[in-house]
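Engineer: Below you'll find the structure I mean.
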Amino acid sequence: MLTPQLAVVWFLYVVRCHGSPLRQTINCGGQAFLNFGRTEYFASPNYPSPYGRGLHCHWMAVSPYFTAMKLKCETFNTASSEDCSVDSFYFSKVGDFFMRDGKIYCGTGSLEVTTNANYFSVRFLSQNSHPNTHTGFQCSVTVVLPDGGKEISIPNTIPPSKPAPIISPPAPQSSSCECGVKGPSRIVGGQESGINEWPWQVGLEYVPNMAIICGATLISTQWVLTAAHCVQQFAIQDLKLRLGEHDKTSNHESAYTIEKTIEHVVIHPEFDALSIDNNIALLKMDTPVTLNDGIRPICLPFSYVSENLSGQVGTVTGWGTTQFEGNLSNVLREVEVPILTTSECMQYTFNTITITDNMICTYEEGKDACQGDSGGPLQWKKNNRWYLMGLVSMGEGCANVNSPGVYSKITNYLNWIQQQTAVPFCSPA
């Protein structure tokens, strides 16, 4: 009998799509774009013979907007355990490659389930510690109409097919700059941040379960930046923004905590959901926020587009896990990390990530962003002001040896941000 378990996992292997069919990657897994009515197949390695141990496989597919994908595994035979910890077959109904909504299956039987969106994501892990006699699985993926073929409404989070019209951006102003002024550090040398120490830190909340699923950054009284992959799969009414927050489990530690409704989502028109290039999105709140000691925007680096950040120290903040596949943090945490330039990052070997000029990295063994930190800020201090230099985007594991964390490079998107927001951002000297 198949055993399902709920999973909260940040799956860090990102695969790229150049067409179908599903192809093998370095270990196992594959990726494809599937048209409506198309069916593709995948199976565990060596099927129908027993699969190997120590496997880490990921299958991912994308279908046209407003379609769904049906997964059907008529034969399924993996090691069974109470918590599916020996062999784990993860499936996300929203096609989330981070498996934040994932269920885990193991055992013997059959499986049939349909996605809620046009993204498909399955992950399979087998442990090294147990001998294997199980034959694994053979599954099909078919593109279908969602919700039983009923007519569906168009979600507000889908990016337009053409870039938004260019608005002539106002020039950054230097007077009355309230950006980038950090609160006091109340915990010296610790990993937990001080309460309201980072007043531009925003939590992206998934309304159905009130969980903070990603980080974000306040850049003006009405606009927030986050990673595109954090919002692309969700309807706008299922997301809210939490500002002035520190401890997610308490209503009393911060006097400034508020929730805001999102009025509009702007995903970068060249965002690639499989390569994760141009992983950036703007969120507009329904009304402006009142700035105070707990809610204040970070500065954008208009004056530091050509700054050489090699070896300089940045700070990453978020409510993410403290280790890969660990528990999410209840309190906002911070970590200082050395910044790598794009060219320095390209010197590292990644299994599944292609570094582009739209990315920068950080690396120090044992220090990294992790699951749940996606979309949050990589901030950098200059002349007593803090600037947003990156957004947490992806990585392979958390703080692994010779595995940098990867961030969207904010300096590449300053013109796009101005064009979309038409906000007169200040630019401190």
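Take the sequence shown: its letters are residues -19 to -1, 1 to 410, numbered as in mature numbering (1 follows the signal peptide of the UniProt record, and there is no 0).
Note that the Cβ used here is the ideal one computed from N, Cα and C, for glycine as well.
#1: With N109 as the anchor, note down where its beta strand (DSSP E) starts and where it stops.
#2: Which residue comes first and which comes last in the alpha helix (DSSP H) that contains C326?
#3: Which of the three DSSP states, helix, strand or coil, is assigned to Y(-7)?
#4: With a threshold of 7 Å on Cβ separation, who are the neighbours of N339 within its own chain once the five nearest residues in sequence on each side are excluded?
#5: In angstroms with no decimal places, state the Cα-to-Cα distance between G161 and Q293.
#6: If C158 and S355 are in contact, beta carbons under 8 Å, what's the gap, nearest whole angstrom?
#7: In angstroms with no decimal places, state the Cα-to-Cα distance between K265 and A216.
#8: Taking the beta strand (DSSP E) that I193 falls in, what are its first and last residues?
#9: Inspect the beta-carbon positions of T95 and V124 and report whether they are closer than 8 Å.
#10: CB P385 to CB G196, shorter than 8 Å?
#11: Looking at I176 and E234, is the spacing between their C-beta atoms short of 8 Å?
#12: Just list the alpha helix (DSSP H) runs in the stretch 257 to 341, keeping only unbroken ones of 4 residues or longer that don't cross its boundaries, in chain order.
#13: Do F101 and G76 come within 8 Å of each other at the CB atom, strictly closer than that value?
#14: Check the DSSP bridge columns for F118 and list the partner residues they point to.
#15: When we look at the beta-carbon of M375 and count the other beta-carbons within 10 Å, is it buried (16 or more) or exposed?
#16: Closest to E55 by C-alpha separation, out of V43, D68, G83 and F23, would be which residue?
#17: Assign S142 to buried or exposed, taking buried as 16 or more other Cβ atoms, counted over all protein chains shown, within 10 Å of its Cβ.
#18: Reducing DSSP to helix, strand and coil, say where Q218 ends up.
#19: Measuring only the C-alpha atoms, how far is P127 from N99?
#20: Any idea if H249 is buried or exposed, counting beta-carbon neighbours within 10 angstroms, 16 or more meaning buried?
Structural biologist: Well, looking at it:
#1: Element bounds for N109: n/a, residue is neither H nor E.
#2: T323 to C326
#3: For Y(-7), the predicted structure reports a pLDDT of 27, less than 50, and the residue's modelled location is therefore unreliable. A value from the coordinates is still provided. If DSSP states are grouped into helix, strand and coil, Y(-7) belongs with coil.
#4: D258, N259, S389, K390 and N393
#5: 18 Å
#6: With 8 Å as the limit, C158 and S355 do not qualify as a contact, their Cβ atoms being about 29 Å apart.
#7: 14 Å
#8: A192 to L199
#9: no
#10: no
#11: yes
#12: 323 to 326
#13: yes
#14: F57
#15: buried
#16: F23
#17: A caution first: S142 carries a pLDDT of 32, below 50, which makes its placement in the model too unreliable to give a value.
#18: helix
#19: 9 Å
#20: buried
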